[in-house]
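Structure first, then comments.
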Amino acid sequence: MQENIGTLTDVFGTGSPAARPKEKAVTMRKKQAIERVVYLSMRAIMYLMVAIIGYIVFDIVAKGAPCINWAFLTQGPSKGGAAGGIFPAIVGTIYLIIGTLFVAMPLGMASAIYLNEYAKQGPFLKAVRLAIVTLAAVPSIVFGLFGLGLFVLFFKFGASIAAGSLTLACMILPVVIVASEEALKAVPDGLRDGSLALGATKWQTIYRNVIPYAVPGMLTGSILGIARAAGETAPILFTAAAFFLPSLPHSIFDQVMALPYHLYVLATQYPDPVKVRGLQYGTALVLLVLVLGANTCAIVLRNRYRKKYKW
């Protein structure tokens, strides 16, 4: 009997009623201390990341702003790209981004709609989703070699806007698909069931009751794709970019200058990079502003749809 009482005392604590609140208070204080430490750690990490990003942006703006002028933004390069402006590179980057979005957005959204709304769940669909997620993690240099073999050599597009845009579209397609599918999954099934109960077809339900509510999330995936595609060098290195082209392209099968590749050559290939340090930071600042501008437009559109369609 005494042994049983001792065992119960070990499990539930001291048998004295006055001691139990103290033990609970100590346990509660420990939990609060742990929670406080975790909270402060997460907050410190967040501030550290913001500080690092802020320093990088500040450094680019501080060193690049003195180089920005009207001639730098509107004139072509000179002296083999070591002087003059970057207007052809700006135009070429915009062309590549527009071409990438025209290819990646329709294909990515259509694929997500099929996977989430039409495809039957099973091992094959799981394998397809695994392949899409895996492609999202493939290094960009691999996509560059893929674009070189398929679009430049096999389809004979040559180094051109078409080949570069298609290569970048293949690179960001997994991101767009995953983000769009997650946005479609977030739409309540009640919206689908109500539409079908009223006699609407499957496509009418998707088009009128699902897609409008999923558009904000789909645009978020496109924003991520824009940010990645606009700053990539390896894919366009093999498929589209040239370092020195004073004139603008006349068709989608012409080669173009691009800000990421222009910056890469100035920073790594020029014999005396110190002399072109101003061009490096000026080009980086223009690229940063271009990416932020595209992202801002997409965010504005996303917020408009989010306010218009709520459930």
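Per our numbering, the very first residue in the sequence shown carries number 1047; after that it's consecutive. Glycine residues also receive a C-beta, built at the ideal position from the N, C-alpha and C atoms.
Inset, instruction - Would you be able to state if there are at least three C-beta pairs under 8 Å between the region 1228-1247 and the region 1259-1266? - result: yes
Legend entry - Among I1269, D1300 and Y1164, the one whose alpha carbon lies nearest that of A1150: I1269
Legend entry - Cβ pair V1302, A1280 closer than 8 Å: no
Legend entry - Endpoints, alpha helix (DSSP H) assigned at R1175: P1169 to A1182
Inset, instruction - Note down the Cα distance separating A1340 from G1131, rounded to an integer number of angstroms. - result: 22 Å
Legend entry - Cβ neighbours of I1282 in the same chain (closer than 8 Å, five flanking residues each side left out): L1142, G1190, G1210, T1213, L1214, A1304, P1306 and Y1307
Inset, instruction - Under 8 Å Cβ to Cβ from A1208, same chain only, skipping five residues before and after it: list those, please. - result: G1145, F1197, I1298 and F1299
Inset, instruction - Can you tell me which of the three DSSP states G1263 falls into? - result: helix
Legend entry - Buried versus exposed, by CB contacts within 10 Å (16 or more), V1057: With a pLDDT of 45 at V1057, under the threshold of 50, the modelled position of this residue cannot be trusted; read the value that follows with caution. Exposed: under 16 other Cβ atoms inside 10 Å.
Inset, instruction - Please say whether V1221 and G1271 have beta carbons closer to each other than 8 Å? - result: yes
Legend entry - First through last residue of the alpha helix (DSSP H) which encompasses D1239: D1235 to A1243
Inset, instruction - Sort F1201, L1265 and Q1121 by Cα distance to L1294 and report the nearest one. - result: Q1121
Inset, instruction - Could you tell me which residues DSSP pairs with V1302 in its beta bridges? - result: A1287
Legend entry - Own chain partners of Q1250 with C-beta closer than 8 Å, once the 5 adjacent residues on each side are dropped: S1241
Inset, instruction - Compare the C-alpha of S1186 against each of A1079, F1133 and G1277 and name the closest. - result: G1277
Inset, instruction - Measuring alpha carbon to alpha carbon, tell me which of C1216, F1203 and A1135 ends up nearest S1157. - result: C1216
Inset, instruction - Spell out a yes or no on whether the region 1105-1123 and the region 1314-1331 are touching, meaning 3 or more CB-CB pairs, one atom from each, closer than 8 Å. - result: yes
Inset, instruction - Could you work out which residue in T1247, G1236 and I1178 is closest to V1224 when comparing CA atoms only? - result: I1178
Legend entry - Beta-carbon spacing of L1265, R1348 below 8 Å: yes
Legend entry - Candidates V1346, I1252 and Y1160: closest to V1236 by CA position: Position check: residue 1236 holds Gly in this sequence, whereas Val was assumed. Of the candidates V1346, I1252 and Y1160, the one whose C-alpha sits nearest the C-alpha of G1236 is I1252.
Legend entry - Between the CA atoms of Q1078 and S1087 - distance to the nearest angstrom: 14 Å
Inset, instruction - Drop a sphere of 10 angstroms on the beta-carbon of T1247, count the other beta-carbons inside from all chains shown, and report buried for 16 or more, exposed for fewer. - result: exposed
Inset, instruction - Using 10 angstroms around the beta-carbon of V1188, count the other beta-carbons present and answer buried if the total reaches 16, otherwise exposed. - result: exposed
Inset, instruction - Could you tell me which residues DSSP pairs with A1129 in its beta bridges? - result: S1124
Inset, instruction - Give the straight-line distance between the Cα atoms of A1165 and I1159, rounded to the nearest whole angstrom. - result: 9 Å
Inset, instruction - Grab me the residues of Y1310's own chain with a C-beta within less than 6 Å of its C-beta, minus the 5 sequence neighbours each way, in chain order. - result: T1279
Legend entry - Simplified DSSP state of Y1316, which is helix, strand or coil: coil
Legend entry - Residue from V1335, R1082 and F1289 with nearest C-alpha to T993: In the structure displayed, the chain extends from 1047 to 1357; residue 993 sits before or after that span and is not available.
Inset, instruction - Measure the alpha-carbon distance for I1102 versus G1324 and round it to whole angstroms. - result: 16 Å
Legend entry - C-beta atoms of L1336 and T1139 nearer than 8 Å: yes
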